[in-house]
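A.B. asks: Residue numbers (the numbering used here): 18 to 305.
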Ligand SMILES: CCCCCCC/C=C/C(=O)SCCNC(=O)CCNC(=O)[C@H](O)C(C)(C)COP(=O)(O)OP(=O)(O)OC[C@H]1O[C@@H](n2cnc3c(N)ncnc32)[C@H](O)[C@@H]1OP(=O)(O)O
Ligand SMILES: NC(=O)C1=CN([C@@H]2O[C@H](COP(=O)(O)OP(=O)(O)OC[C@H]3O[C@@H](n4cnc5c(N)ncnc54)[C@H](OP(=O)(O)O)[C@@H]3O)[C@@H](O)[C@H]2O)C=CC1
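1) On the DSSP letters alone, give me the boundaries of the alpha helix (DSSP H) that residue 47 sits inside.
2) Buried or exposed for residue 300, please, with buried defined as at least 16 other CB atoms from any protein chain shown within 10 angstroms of its CB.
3) Compare the C-alpha of residue 174 against each of 192, 118, 288, 246 and name the closest.
4) From 256, 198, 241, 261, pick the residue whose C-alpha is nearest to that of residue 188; which is it?
5) What residue ranges within the segment 130-202 form continuous alpha helix (DSSP H) runs of no fewer than 4 residues, ordered along the chain?
6) Any heavy atom of ligand 1 within a distance shorter than 7 Å of the CB on residue 217?
7) Between 136, 157, 264, which lies nearest to residue 208 when the distance is taken from Cα to Cα?
8) Whole angstroms is fine: what's the gap from residue 168's alpha carbon to residue 205's?
9) Contact between the segment 49-57 and the segment 79-86 is defined here as three or more beta-carbon pairs at a separation below 8 Å; is this criterion met?
10) Is residue 43 close to ligand 2? I mean its beta-carbon at under 7 Å from any heavy atom of the ligand.
11) Give me the DSSP bridge partner(s) of residue 31.
12) Any heavy atom of ligand 2 inside 7 Å of the beta-carbon of residue 246?
13) Helix, strand or coil, according to DSSP, for residue 239 in the structure here?
14) For ligand 2, is there any heavy atom lying closer than 7 Å to the beta carbon of residue 132?
15) How is the alpha helix (DSSP H) around residue 225 delimited, first residue to last?
16) For residue 185 versus residue 114, is the C-beta spacing smaller than 8 Å?
17) Any heavy atom of ligand 2 within a distance shorter than 7 Å of the CB on residue 103?
18) Can we say the segment 35-44 touches the segment 211-221, given the rule of at least three CB pairs closer than 8 Å?
19) Sort 132, 131, 25 by Cα distance to residue 79 and report the nearest one.
20) Quick check on this structure: which residue in 172, 194, 183 has the alpha carbon closest to the alpha carbon of residue 165?
21) Grouping DSSP H, G and I as helix and E and B as strand, with all else coil, what is residue 258?
22) Hey, which unbroken runs of the beta strand (DSSP E) at 3 residues or more fall wholly within the segment 96-122?
23) Can you tell me which of the three DSSP states residue 67 falls into?
Here you go:
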């Protein structure tokens, strides 16, 4: 299955410079893809390109490029795909990972704040999917993965984002059916609110991630690489019969209520790191 990645497929990854998006970019480069990373802060994009280019061979055109793009802006979205097609002449994969929100009680969210979060996490993804379809995938097919969040039980303090992500989950299903005959698969990944990276953490009060830990059956935070692994699986031909689906990467968090069963502290579900090697990564760590 990895062979098809190695045919120099082309992927666009929003938010590809940081956190989960950075891990997805790294993994796709490792698998042989060309990758275009896109987000608002150009300096951050440039820094990621410089760092990641050190890990791959030099080619012309380069295997990794960046395009500044605010996914809330239609013209910037259009420009992103025009640049991608100008450089590589095709588009195989789209990872709609860029997004975020602020913590606020629902009663206090201003209309401006509500709109900012809905535009970023719902409208932005709609625009990205629509433009990818229009400029390339509608005629040639492709695979899309949309990033959600853990929202199945509602999201107190992030009601705006929960509503936006629920919208994206539904969009994912609509696109999966409407675009199946164009050869497009569309899926979603829902990380638990427990995926630690420095860039994610700096948006929240200091101990938010630590507070989450005891409420997870895994009893530890997740890593960007563990989310990236699910994204890359869904992009790959190994997922050729999966569309309109959501994969949860949450250490069991969304299922856990200590009402009937308390998971004791443990270290039996160890994290996967993409650089640990297949042998180490597949060594059983628990009886599960
Ligand atoms: C118990 C909780 C557990 C939490 C676990 C955390 C798990 C992690 C989840 C993740 O998603 S990690 C991703 C991390 N990255 C981010 O979250 C991104 C951070 N923010 C943004 O991308 C953007 O700021 C935004 C939230 C999308 C807003 O976009 P924009 O830049 O257009 O808006 P602003 O100009 O900043 O603000 C507009 C408007 O919004 C209101 N507002 C903004 N911040 C707050 C706040 N902290 N509290 C209340 N309201 C806020 C406000 O009305 C702003 O307008 P003005 O008042 O500034 O005019
Ligand atoms: N970490 C976690 O526990 C969880 C994360 N998620 C979601 O996963 C995704 C990745 O988050 P994570 O890597 O953890 O955090 P990061 O803060 O590292 O990543 C967020 C990325 O989104 C980009 N971004 C934000 N707004 C826009 C925009 N308007 N246009 C283009 N790019 C944008 C940011 O770049 P820039 O600011 O330069 O635009 C940044 O690179 C996000 O959608 C997040 O909400 C969901 C659940 C839990």
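Ideal Cβ positions, reconstructed from N, Cα and C, are used throughout, including at glycine.
C.D. replies: Concretely, from the data shown:
1) 36-48
2) Note that residue 300 scores 48 on pLDDT, short of 50, meaning its location in the model is unreliable and no value can be drawn from it.
3) 118
4) 261
5) 141-149, 176-195
6) yes
7) 264
8) 13 Å
9) yes
10) no
11) 55
12) no
13) strand
14) no
15) 225-229
16) no
17) no
18) yes
19) 25
20) 183
21) coil
22) 110-113
23) helix
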